[in-house]
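K.L.:
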Amino acid sequence: MLLKDKVALVTGAGSGIGREVALAFAREGACVVVADVDATGGEETVARIHAGADGGGSSPGALFVRMDVSDPADHEAAVASAVQRFGALHVACNNAGIARGSPEAAVPLAQISARDWQRVIDVNLSGTFHGLRTQIPALLAAGGGAIVNVASVLGQVGNLSLSPYVASKHGIVGLTRAAALDYAQQGVRVNAVGPGYIDTPILSAASAEARARMVAQHPMGRLGGAGEIAELVLWLCSERASFCTGGYYPADGGFLAR
Ligand code: NAP
-10 MLLKDKVALV
0 TGAGSGIGRE
10 VALAFAREGA
20 CVVVADVDAT
30 GGEETVARIH
40 AGADGGGSSP
50 GALFVRMDVS
60 DPADHEAAVA
70 SAVQRFGALH
80 VACNNAGIAR
90 GSPEAAVPLA
100 QISARDWQRV
110 IDVNLSGTFH
120 GLRTQIPALL
130 AAGGGAIVNV
140 ASVLGQVGNL
150 SLSPYVASKH
160 GIVGLTRAAA
170 LDYAQQGVRV
180 NAVGPGYIDT
190 PILSAASAEA
200 RARMVAQHPM
210 GRLGGAGEIA
220 ELVLWLCSER
230 ASFCTGGYYP
240 ADGGFLAR
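-10 is the number of the first residue of the sequence shown in the working numbering; add one for each residue after it.
(1) Just to check my reading of the structure: G185 and H207 have Cβ atoms closer than 8 Å, yes? What is that Cβ distance to the nearest angstrom?
(2) Compute every distance between the C-beta of Y248 and the non-hydrogen atoms of ligand 1, then say whether any falls below 8 Å.
(3) Which residue comes first and which comes last in the alpha helix (DSSP H) that contains Y154?
(4) Taking R55 as part of the beta strand (DSSP E), name the residues at either end of that continuous run.
(5) With a threshold of 6 Å on Cβ separation, who are the neighbours of P153 within its own chain once the five nearest residues in sequence on each side are excluded?
(6) Looking only at its chain, what residues have a beta carbon closer than 7 Å to the beta carbon of D120, apart from the 5 residues adjacent to it on each side?
(7) I'd like the list of long-range same chain contacts for G90, defined as Cβ closer than 6 Å, with 5 residues on each side in sequence excluded.
(8) Determine the DSSP secondary structure at I6, reduced to helix, strand or coil.
(9) Does ligand 1 have a heavy atom nearer than 8 Å to the CB of N84?
(10) Helix, strand or coil for G183 per DSSP?
(11) Over what stretch of residues does the beta strand (DSSP E) that includes T0 continue unbroken?
(12) Put V139 into one of helix, strand or coil per three-state DSSP.
(13) Less than 8 Å between the CB of G116 and some heavy atom of ligand 1, yes or no?
(14) Can you tell me whether P239 is buried or exposed, with buried defined as 16 or more other CB within 10 angstroms of its CB?
(15) Taking 7 Å as the limit between beta carbons, can you name the residues of its chain near A131, skipping five residues before and five after?
(16) Once DSSP output is grouped into helix, strand and coil, what is the label at C226?
(17) What would DSSP say about A240, mapped onto helix, strand or coil?
(18) Closer than 8 Å to a non-hydrogen atom of ligand 1 - does that hold for the CB of P184?
(19) When we look at the beta-carbon of A2 and count the other beta-carbons within 10 Å, is it buried (16 or more) or exposed?
(20) Can you find the residues in the same chain that come closer than 6 Å, C-beta to C-beta, to R55, ignoring five residues on each side of it along the sequence?
(21) Relative to the C-alpha of V162, which residue among S150, L151, V142 is closest?
(22) Beta-carbon of G3 versus every beta-carbon of chain B: anything under 9 Å?
(23) Going by DSSP, name the residue or residues bridged to C233.
(24) Output needed for A167: all residues of its chain with C-beta closer than 7 Å, excluding positions within five of it in sequence on either side, in chain order.
(25) Return the residue from the list L149, E228, E220, G86 that minimises the CA-CA distance to P190.
(26) Looking at the strands, I want to know which residues DSSP matches up with R16.
(27) Just confirm the distance between the C-beta atoms of A71 and V146, as a whole number of angstroms; I'd bet it's less than 8 Å.
Encoded structure:
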């Protein structure tokens, strides 16, 4: 088991990629704090872990914590819950994110409202920053650990009508590098993963035509699965990735190779 005796925290773990990360961590022996703004989805993830629906049923424990990642106080409470309930924190995945500030905000840059810009930055970029600054002291107190931030292929290239998202994901890649340098000699590794388009509820608003266009951007000719991202996050959080820090790791069906 890759995370035996470890305690992990996953944000946005009530759905999609975050849920699969939480299930993978649990399968590999970690106690998991499942954090999400959506209590129903979060509790469902915890129930799946408890029921052994991850295939192994090997996790010693799971706990749901309601959190809005844009609120620093929620991060403090989530990390405190991990330490109080499971004794420490060794692993974190800052995954929660949104595509746009409101349903009508997929528009060219000059038409994006300041409010829609701010919401995406608050959740995706500041949410990751607040996570790092709260989780790192706990990892240091535990003697070291690993953090993975979920960026995107759009953390490396642009995209039409999604400038707040593209900026936030580029920011996450930069934040990952800066944090990795600050703690490289203290046993805390920080990496980012870059999913291509993944078949999760975040894409539910996309029309059939938009989905087909997304598929066409991947040389493999399909969207990714959330479990395929979870495997990469799991590996980066395990001791098998002991010399990896400050990296951007794509899992994108060849998207960036074009
Ligand atoms: P998802 O299925 O929508 O899951 C995201 C989860 O995060 C949901 O449970 C959501 O709750 C929650 N959430 C949203 N805002 C939050 C907040 N402020 N605080 C705490 N939790 C919050 O999306 P996903 O596809 O798994 O995306 C996960 C991450 O992968 C995101 O960072 C996304 O940008 C990134 N990503 C996704 C893709 C893709 O194609 N799917 C590609 C590249 C990167 P609600 O449902 O209530 O909003």
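Backbone N, C-alpha and C define an ideal beta-carbon position, used for all residues, glycine too.
Since the model is a prediction, treat every value here as computed from it, not as a measurement.
P.N.:
Once the coordinates are examined:
(1) In the sequence shown, counting from the first residue as 1, residue 185 sits at position 196. In the sequence shown, counting from the first residue as 1, residue 207 sits at position 218. The Cβ separation is near 6 Å, so the contact holds.
(2) The question about residue 248 has no answer, for the chain in this structure spans -10 to 247.
(3) As a working mapping, residue 154 is identified with position 165 in the sequence shown. Segment 152 to 172, the alpha helix (DSSP H) holding Y154.
(4) Within the sequence shown, residue 55 is the residue found at index 66, counting from 1. Residues 51 to 55.
(5) The residue labelled residue 153 in the question sits at position 164 within the sequence shown. The residues are W106, V109.
(6) Working through the sequence shown from its first residue, we reach residue 120 at position 131. In the sequence under discussion, the amino acid at residue 120 is Gly, which differs from the Asp named in the question. For G120, where only same-chain residues beyond five positions count, the Cβ hits under 7 Å are T0, V58, H64, A81, N83.
(7) Within the sequence shown, numbered from 1, the residue matching residue 90 stands at position 101. Here the set comprises D105, R108, V109.
(8) By 1-based counting over the sequence shown, the position of residue 6 is 17. In the structure shown, I6 sits in a helix (DSSP, three-state: H, G or I).
(9) Taking the sequence shown and counting its residues from 1, the one referred to as residue 84 is at position 95. It does: the Cβ of N84 is within 8 Å (strictly closer) of some heavy atom of ligand 1.
(10) Against the sequence shown, residue 183 aligns to sequence position 194. In the structure shown, G183 sits in a strand (DSSP, three-state: E or B).
(11) Position 11 of the sequence shown, counted from the first residue, corresponds to residue 0. Per DSSP, T0 belongs to the beta strand (DSSP E) from -4 to 0.
(12) Counting from one through the sequence shown, the residue named residue 139 turns up at place 150. Strand.
(13) Locating residue 116 in the sequence shown gives position 127, counting from the first residue. Within the cutoff, so yes.
(14) In the sequence shown, residue 239 corresponds to position 250, counting from 1. Counting Cβ neighbours within 10 Å, P239 comes out buried, since at least 16 surround it.
(15) Within the sequence shown, residue 131 is the residue found at index 142, counting from 1. Excluding positions up to five away in sequence, the list reads A77, L78, H79.
(16) Counting from 1 along the sequence shown, the entry for residue 226 is found at position 237. Three-state DSSP puts C226 in a helix.
(17) Along the sequence shown, one-based indexing puts residue 240 at 251. Note: A240 maps to strand in three-state DSSP.
(18) Position 195 of the sequence shown holds residue 184. Within the cutoff, so yes.
(19) Here residue 2 is taken as the residue at index 13 of the sequence shown, counted from 1. A2 comes out buried.
(20) For the purposes of this step, residue 55 is taken as the residue at position 66 of the sequence shown. The residues are A28.
(21) In the sequence shown, the residue the question calls residue 162 occupies position 173. When each option's Cα is compared against that of V162, the closest is V142.
(22) Of the chains in the structure shown, none is chain B; there is only one protein chain.
(23) As a working mapping, residue 233 is identified with position 244 in the sequence shown. Its beta-bridge partners do not exist; DSSP assigns none.
(24) Sequence index remark: in the sequence shown, residue 167 carries index 178 (1-based). No residues qualify anywhere along the chain.
(25) Taking the first residue of the sequence shown as position 1, residue 190 is located at position 201. That would be G86, whose Cα lies nearest to the Cα of P190.
(26) Mapped onto the sequence shown, residue 16 falls at position 27. Answer is none; R16 lacks a bridge partner.
(27) By one-based count along the sequence shown, residue 71 stands at place 82. By one-based count along the sequence shown, residue 146 stands at place 157. That pair is no contact at about 35 Å.
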